[in-house]
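These notes are about the structure you will find just below.
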Amino acid sequence: MGIPDEGRKRPPVRPATVLMYVGVALLAVGVAVLVWAAFAYYGSYVR
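Mapped onto the working numbering, the consecutive letters of the sequence shown carry residue numbers 9 to 55.
Structural data, given as structure tokens:
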């Protein structure tokens, strides 16, 4: 107990990869919101 397992150390998380994932997630959310807004506007315009 208390002995760190040196063989299974995780590689450190680099901030660049975290920023990349955050950017991709924000981009996906933005695209989804834009598509939803376009469909809502189109639907209200057609009716």
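Cβ coordinates follow ideal geometry from the N, Cα and C atoms, glycine included.
Computed from a predicted model, the values in this text were never measured in an experiment.
Note down, in chain order, each residue of its chain lying with its Cβ closer than 7 Å to the Cβ of residue 20, except the 5 sequence neighbours on either side. Close CB contacts of residue 20 within its chain, under the 7 Å cut and outside five residues either way in sequence, are absent.
Nearest-angstrom Cα separation, counted from residue 48 out to residue 38: For residue 38 and residue 48, the distance between alpha carbons rounds to 15 Å.
Excluding the 5 residues flanking residue 32 on each side, which residues of the same chain have their C-beta closer than 8 Å to its C-beta? Taking residue 32 as the centre and dropping the five residues before and after it, the same chain places no C-beta closer than 8 Å to its C-beta.
Between which two residues does the alpha helix (DSSP H) harbouring residue 23 extend? Residues 23 to 54.
Between residue 28 and residue 17, what straight-line distance do the alpha-carbon atoms span, to the nearest angstrom? Near 23 Å, if we compare the C-alpha coordinates of residue 17 and residue 28.
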